[in-house]
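Participant: Sending over a structure as structure tokens; questions will come in a sec.
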Amino acid sequence: MHFLAKLSITRKLIAITLLTTTVVVLLMAVVIVFSEAITQKRSLYQKRTEQFAALAEIIGSRSTAALIFDDRATAQENLNALRILDHDTDLVLASIHRPDGMLFAEYQASHRDSQLREQAVAYGCPEPDQNQMERLLPVCAAIMLDGERLGDVRLVFDMTTDLQQLRTGLIRYLFLVLLFLIVAFGLTVIISSRLQRLVSTPILVLREAMKKVSEDKDYSVRVTLSSDDELGALVVGFNDMLAQIQSRDAKLAQYSSQLEDEIAARTAELAEANRRRILWLENLARFLRHELKNSTIGIKSSLDLIERRSQQNEKIAKYIERANTSVSFMQRLLESVGSATTLETSFQQESHIRLDLTQLVTQQVQNYHALYPQAELITECGNVIEVLGNHTHLVQLLDKLVANAVDHCALGTPIIITAKIENDQAVLAVANQGASLPDDKERMFELFVSMRDATHRENDNLGLGLYLVKLIAEAHGGGVMAEELPVVQGALFTCRLPLAD
Amino acid sequence: MAVLNAHCAIALLVTTFLLPPKLPAADDNAPAADVYALMAVYVQNFAKFTTWPASSFADPDAALNICVLGEDPFGIALAKVDGSKVRSHALRIKHYPRVVVISGCHIVFVSRSEDWRLEQILQDLAGAPILTVSDIPEFSQQGGMITLLTVDRRLRFAINPAAVARGGLKLSSKLLELAQIVGSG
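In order, the protein sequences belong to chains A and B.
Residue numbering for the first sequence is 124 to 624, as defined by the numbering used here.
Residue numbering for the second sequence is 3 to 187, as defined by the numbering used here.
This is how it looks when you write it as structure tokens:
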């Protein structure tokens with residue numbers, strides 16, 4: 124059955140039908156031919172026995188007087204009359220015997236071979252209904268007169284010719300059966316190749332549909348085929364399955380689009396809320412700055428007045444000076460916040476131009492020498508580095524970085540300012556030796572965060588400088604990062620900006 | 003030796019009974035007694051192949067009479083036949099010295115002793131449904147029906163079908179087949 128497994132279903136069905144037909148027809152042919160052979164042989168022997176028994180009876184009847192009057196010559200003549208049958212029948216031997224078995228007269232067909240004749244002589248009379256169906260057929264008839272048995276006639280025939288004819292007939296029959304087998308085979312091929320479609324077509328259609336579904340992911344495919352058998356049920360089941368997948372797909376798509384809409388709506392809501400909060404904060408800041416500015420002016424003028432009226436009272440002068448310091452800090456704070464706000468709003472208004480970072484650094488460092496005479500500034504600049512940016516803002520960025528470095532610089536150590544191109548980016552770096560960076564480096568760049576020791580608090584660091592650096596770098600499409608110096612203790616601030624073109 | 007003797011005895015017995023009976027050397031005038039014994043059987047067997055007219059028998063089971071005319075040459079051989087049956091008829095043996103007293107006979111065996119007046123006898127029996135048998139030479143040629151004769155030391159017979167027909171009898175063709183057919187001279 125292994126070879127069947129490899130065939131297609133169409134060929135499999137035809138092969139099954141053909142195999143079954145062949146086996147059945149062959150079996151039938153064998154059974155029919157065998158039973159026919161046995162039946163024909165039996166009826167042949169029966170027919171011959173009857174025919175020859177009649178002949179024996181005639182001879183016996185004619186030989187009654189010869190037996191009674193002991194006339195062997197006449198009996199012999201009677202038997203010799205059989206000579207005319209020699210070539211029509213296959214008589215081998217004819218003989219007449221006395222009741223005691225003694226031979227009375229005998230005729231031997233001359234044309235038979237002697238061996239066969241000798242064999243025939245040895246034959247006795249068979250019992251009735253005892254058909255041996257051998258090559259030699261002995262037939263006997265009793266010779267009776269007045270109820271007295273005078274003797275027997277014994278005829279022995281050779282059945283070879285008859286059996287040959289029988290065999291020829293059977294072979295012809297076998298050929299007919301084989302012919303029928305071939306015709307049946309052909310018909311089976313034709314019929315089964317048509318009928319097998321009843322089974323194979325639905326399966327092939329299903330297979331095509333499955334192929335289409337798996338290749339195109341098209342779940343709208345339906346198999347249109349109606350039959351009431353198991354294959355019909357299979358088709359219905361297949362269609363149901365596809366329908367379920369399709370409806371599930373539709374639901375999934377619906378859910379996902381709903382989800383997207385919801386996310387978009389929620390995002391818009393959040394953005395709007397954020398915008399309102401920022402607006403509110405901005406308004407609050409503007410209001411507070413304005414009111415506080417007015418208040419500080421009032422406090423300042425009042426303090427001046429008190430100072431003039433106190434007539435150099437030393438005790439009062441001490442308190443007034445402390446109050447003045449606080450008011451000045453407040454004014455500076457207001458100024459810084461104001462400049463940060465202005466900077467943020469100016470990002471949207473100021474346009475970017477092509478400028479040379481190297482040149483910018485070189486010019487500014489000259490100014491820094493005047494501004495920070497105690498600091499040792501070293502510049503490391505290469506060729507022209509062109510970036511798109513706002514000159515004022517970039518100068519502001521460098522100012523803040525250098526100011527930060529000067530603030531944290533250990534006494535007598537240099538501050539190194541570098542401008543270079545690295546990985547197709549413009550890099551502006553400021554390094555100083557001194558205190559190491561805090562663990563949480565990213566927080567340094569947030570608004571109003573100062574990681575400075577409390578001892579430096581009296582200096583004017585409001586946690587604004589690095590925040591502004593970050594704002595400007597990001598406004599130019601870049602970024603800023605801080606890291607420890609590799610060898611000595613200190614900090615390195617690196618600002619990366621995209622190159623022009 | 004005793005065994006050998008027994009074998010010899012059986013062989014002798016077989017030879018005596020199974021071999022076809024050979025007639026002893028016959029003298030023309032008088033066959034031997036054992037030939038007459040065989041003739042007695044022949045006469046009985048003739049009855050089996052002869053059909054008499056229905057009128058010959060009073061009833062179907064009536065006796066079939068065999069009459070010996072003249073001196074009986076059979077001795078006890080024919081007497082043995084007496085009482086045996088041919089078809090439905092029992093055989094009866096009768097002896098008559100002369101034709102005139104014959105009655106109820108179906109077969110008449112004419113003894114050689116009657117040779118001298120055979121012509122008269124045949125005349126007397128002519129036309130009667132009686133099967134006439136004799137071992138007198140030329141019996142059938144003179145108008146008798148069956149003549150028993152010896153050929154090659156075998157007992158044979160001659161039949162005169164015309165005489166049989168005149169007597170209104172019928173002989174089986176099987177019998178005629180074995181016989182020499184002769185006509186009245």
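Cβ coordinates follow ideal geometry from the N, Cα and C atoms, glycine included.
Fair warning: this is a prediction, and the values are worked out from it, not measured in the lab.
1) The alpha helix (DSSP H) with phenylalanine 48/B in it runs from where to where?
2) I need the straight-line Cα distance from arginine 114/B to histidine 234/A, nearest angstrom please.
3) Using beta-carbon positions only, say whether leucine 71/B and valine 112/B come within less than 8 Å of one another.
4) Counting only beta-carbon separations shorter than 8 Å, does tyrosine 38/B have a partner in chain A?
5) Check distances from the C-beta atoms of the stretch 254-283 of chain A to those of chain D and list, in chain order, the residues that come in under 8 Å.
6) Less than 8 Å between the C-beta atoms of isoleucine 137/A and serine 315/A, yes or no?
7) With distance defined between alpha-carbon atoms, name the residue in Leu327/A, Leu354/A and Asn362/A nearest to valine 344/A.
8) Between serine 174/B and chain A, is any beta-carbon pair separated by less than 8 Å?
9) Per the DSSP calculation, alanine 554/A is bridged to which residue(s)?
10) Alpha carbon to alpha carbon, how far is glutamate 569/A from alanine 577/A? Give it in angstroms, no decimals.
11) Using beta carbons (cut-off 8 Å, strictly below), is phenylalanine 111/B in contact with chain A?
12) Looking at the secondary structure, which residues open and close the alpha helix (DSSP H) in which methionine 453/A lies?
13) Starting from lysine 564/A and walking both ways along the beta strand (DSSP E), at which residues does that stretch end?
14) Within 8 Å of any Cβ in chain A, is that where the Cβ of valine 101/B sits?
15) Would you report the Cα separation of arginine 89/B and valine 135/B, rounded to the nearest angstrom?
16) Distance cutoff 8 Å, beta carbons only. Does valine 45/B sit that close to anything in chain A?
17) For the stretch 462-481 of chain A against the stretch 443-452 of chain A, do three or more pairs of beta-carbon atoms, one drawn from each stretch, fall closer than 8 Å, so that the two count as touching?
18) From the DSSP output, in three-state form, read off methionine 151/A for me.
19) Which residue wins for smallest C-alpha separation from leucine 180/B, given the options Ala165/B, Phe159/B, Gly169/B and Leu171/B?
20) How would you label arginine 185/A, buried or exposed, when you count the other beta carbons within 10 angstroms and need 16 or more for buried?
21) Does any residue of chain B bring its CB to less than 8 Å from the CB of arginine 206/A?
22) Give me the chain B residues within the contact set of alanine 160/A, using Cβ-Cβ distance strictly less than 9 Å, ordered along the chain.
23) Check whether the Cβ of alanine 264/A lies closer than 7 Å to any heavy atom of the ligand FMN, and answer yes or no.
24) How do the stretch 91-107 of chain B and the stretch 145-158 of chain B stand: do at least 3 beta-carbon pairs fall below 8 Å, yes or no?
25) Give me the Cα-Cα distance between glycine 586/A and valine 572/A, rounded to the nearest whole angstrom.
26) So if DSSP puts arginine 156/B in a beta bridge, which residue, or which two residues, is it bridged to?
27) By how many angstroms is the C-alpha of valine 166/B removed from the C-alpha of glutamine 125/B?
28) For the beta strand (DSSP E) holding threonine 502/A, just list the boundary residues, first then last.
29) Verify the CB distance criterion: does threonine 212/A have a CB-CB separation below 8 Å to chain B?
30) Whether or not the stretch 194-203 of chain A and the stretch 211-224 of chain A are in contact is what I'm after, with contact meaning three or more pairs of Cβ atoms, one per stretch, closer than 8 Å; do they touch?
31) Which residues bound the alpha helix (DSSP H) around phenylalanine 227/A?
32) So is valine 184/B in contact with chain A if we call contact Cβ pairs under 8 Å?
33) Chain A partners of valine 88/B, CB-CB under 7 Å?
34) Using a cut-off of 8 Å between C-beta atoms, extract the partners of glutamate 116/B located in chain A.
35) Under 8 Å by Cβ, that's how I've got arginine 171/A and phenylalanine 280/A pegged, so tell me the actual separation to the nearest angstrom.
36) Classify serine 184/A as helix, strand or coil using the three-state DSSP reduction.
Facilitator: With the structure as the only source:
1) 35-50
2) 51 Å
3) yes
4) no
5) Absent from the structure is chain D; the protein chains it does hold are A and B.
6) yes
7) Asn362/A
8) yes
9) Ile539/A and Leu615/A
10) In this prediction, alanine 577/A has a pLDDT of 42, which is less than 50 and means its spatial position is unreliable; what the coordinates show is noted afterwards. Their backbone Cα atoms lie some 18 Å apart in a straight line.
11) no
12) 437-472
13) Looking at the DSSP string, lysine 564/A is not in any beta strand (DSSP E), and its letter there is neither H nor E.
14) no
15) 20 Å
16) no
17) no
18) helix
19) Phe159/B
20) buried
21) no
22) What alanine 160/A touches in chain B: nothing, since even the nearest Cβ is about 44 Å away.
23) Within the structure as shown, the ligand FMN is missing, as the structure has no ligands at all.
24) no
25) 5 Å
26) Val153/B
27) 14 Å
28) 499-504
29) no
30) yes
31) Run containing phenylalanine 227/A: none in the alpha helix (DSSP H); it sits in the beta strand (DSSP E), 226-231.
32) no
33) Asp269
34) Ordered by position in chain A, no residue passes the 8 Å Cβ test against glutamate 116/B, which lies about 25 Å from the chain.
35) 7 Å
36) helix
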